[in-house]
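Visitor: Line by line, the protein sequences give chains A and B. Heads up: the first sequence begins at 1 in our numbering, then just goes up one per residue. Heads up: the second sequence begins at 164 in our numbering, then just goes up one per residue. In this text, a Cβ means the ideal position worked out from N, Cα and C, and glycines have one as well.
Protein chains: 2
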Amino acid sequence: MRLTRQCESAKVKSNIKMDGPVNTDAQDAFHAYMVARGLKSTRQREIILDEFLKAGAHLSTEELYLRLREQHPHIGYATVHRTLKLFAECGIAEPRHFGDGQTRYESSAGAQHHDHLLCTVCGAIVEFENPQIEALQELVARQHGFRIERHRLELYGRCRKCQ
Amino acid sequence: MRLTRQCESAKVKSNIKMDGPVNTDAQDAFHAYMVARGLKSTRQREIILDEFLKAGAHLSTEELYLRLREQHPHIGYATVHRTLKLFAECGIAEPRHFGDGQTRYESSAGAQHHDHLLCTVCGAIVEFENPQIEALQELVARQHGFRIERHRLELYGRCRKCQ
DNA sequence: CATCACCTGAAATTGAATATCAATAGCACC
DNA sequence: GGTGCTATTGATATTCAATTTCAGGTGATG
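#1: Do Glu154/A and His116/A have their beta-carbon atoms positioned less than 8 Å apart in this structure?
#2: So what does Ala319/B bridge to, in DSSP terms?
#3: Please report the distance separating the alpha-carbon of Asp19/A from that of Lys40/A.
#4: Checking 8 Å against the spacing of the C-beta atoms, do Phe26/A and Ile125/A come in under that value?
#5: Report all residues from its chain with a CB closer than 6 Å to the CB of Gln102/A; omit the five preceding and five following residues, and keep chain order.
#6: From the beta carbon of Thr120/A, is the nearest beta carbon of chain B less than 8 Å away?
#7: Give the list of continuous beta strand (DSSP E) stretches no shorter than 3 residues that lie fully inside the region 50-118 of chain A.
#8: Determine the contact status of Arg150/A and Ala141/A, defining contact as a CB-CB distance below 8 Å.
#9: Check for me: the beta strand (DSSP E) holding Glu127/A runs from which residue to which?
#10: Quick check: is the beta carbon of Ala304/B nearer than 8 Å to any beta carbon in chain A?
#11: Got a sec: is the Cβ-Cβ distance from Arg82/A to anything in chain B below 8 Å?
#12: Phe52/A CB to nearest chain B CB: under 8 Å?
#13: Verify the CB distance criterion: does His260/B have a CB-CB separation below 8 Å to chain A?
#14: Against Gln300/B, what residues of chain A qualify as contacts under a CB-to-CB distance less than 9 Å, listed in chain order?
#15: Counting only beta-carbon separations shorter than 8 Å, does Arg321/B have a partner in chain A?
#16: Using a Cβ-Cβ distance cut-off of 8 Å, determine whether His58/A contacts chain B.
#17: Kindly indicate which residue of Gly99/A, Leu68/A and His97/A has the alpha-carbon position closest to the one of Asp50/A.
#18: With DSSP collapsed to three states, give me the class of Gln143/A.
Written as C-alpha cells, this is what we have:
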C-alpha cells in the first residue's frame, strides 16, 4: 500500500540526491519496457537498477551481487543475473566480454559507442573513442567484402600507475 | 621399442608429404621447448601437433578432438586440451577467444600479428593486418598513459557471400 | 633394462551462466 | 480492502566448457 507512493517519491528524490547527469532516463526506459512487455515493477528490480546506476562501472553479475548483499542480503544471485539480462534487453546496459570469462555490464546511459583500454595489473578500465580507427575498420572490412555489424576493440596494457 | 624409430621417420616423412611452407619449424620449437623444460615427447603429442598444423585453421579444443578421434580414437579430450595449452606456452599456437565461449587455437607458424573479420552468418574467419590501425591504437593508449601489451580487434559482420 | 618422473585418459571438479519450481508478491478488477 | 491471475523470486539444480585428479602407463636416462 505504501509502495506505489514510495516509487514516485523515490524517482523524485533520485533527481535530487544524485550529482552529475542523472539516470532517470534509464529508469524511465526500464519502466517503459516493463509496461510494454507486461512485466512487473518489483522492489528488487528497483534496488538492483539503483545500485547498478550508482556503481557506474563495468560490473560483473557477481560484483553487483556482492555489493547489493551488503544492504540487501535477501536478494538472490539469480535475480541479479536475470535483472541484468533485462537491463540489456531494454537497452540500458551493455554486456561486455573481456578476457576474464565473466560477463560485465556497462551502463549505456548517455554514452556513445566506445572501446576499452584495460590495465592488466590493477584491472582499471578506461573508455575511449576514435573515429579514425572506426573509419579504417570500415575500409578494411570493405576491402574483404564484409559489411560490419559490430566490432570489438580492446587494448590491454599497463596504466600510468602500474608501469 | 618401435616408437623411437617411428618418431624419427615421422619427422622426415612430414617434410616430404606436406606441400607449401612446412612447419618443421613449429615441430622444432615444440621439441626444443620440451627438452628445455624436461618434458617428454610422446606419440600423442606428435599426433596432436601434426593434426593441429595440418588443420591450419582456428580450432577449438573440441573440434580438434573430434578430428583426431577419426584416426586416433584412443586420444582423450584432456590430452588434447593440455597439449593445446602446451602449444600456447611454447609459442606455436595462439589462444583466441571469440564470442562463442570456446577457446580457439591458431597456429602462429609463419604468421605475423593480425586481427580478424568474422562472418556472423557462416562463421567464416578472415585474417587481416593494418599498420595504420595499430599505430592509432598506440597513439590512443599513450594519450591515456597506457603502455599496450596486446590488443584484440574483431570485426563482426556479413561476408560477401552472406549479405 | 631398470628406474623414475612425466604423461595419459577417464572421471571428477570448478566456475560462470542459466533453468527449475514452489512460494511469494505485483497488478487489475471487483 | 479483497481476490485471482500471472510474473517474479530465490534456493537449488543443471549445463557447458575448462581444468584438475589420480591410478596406471610410458618416455628418457643411466
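Guide: Working from what's here:
#1: yes
#2: Checking the sequence, you will find Tyr at residue 319/B rather than Ala. Looking at the DSSP assignment, Tyr319/B forms a beta bridge with Arg150/A and Leu281/B.
#3: The predicted position of Asp19/A is uncertain, since its pLDDT is 43 and thus under 50; a value taken from the coordinates is nonetheless stated next. Computed Cα separation, rounded: 28 Å.
#4: Reading off the sequence, residue 26/A comes out as Ala, not Phe. No, the pair does not count as a contact, with Cβ atoms beyond the cut-off.
#5: Ser60
#6: yes
#7: 58-60, 93-97 and 103-107
#8: no
#9: Ile125 to Phe128
#10: yes
#11: no
#12: no
#13: yes
#14: Asn130, Ile133, Leu153 and Leu155
#15: yes
#16: no
#17: Leu68/A
#18: helix
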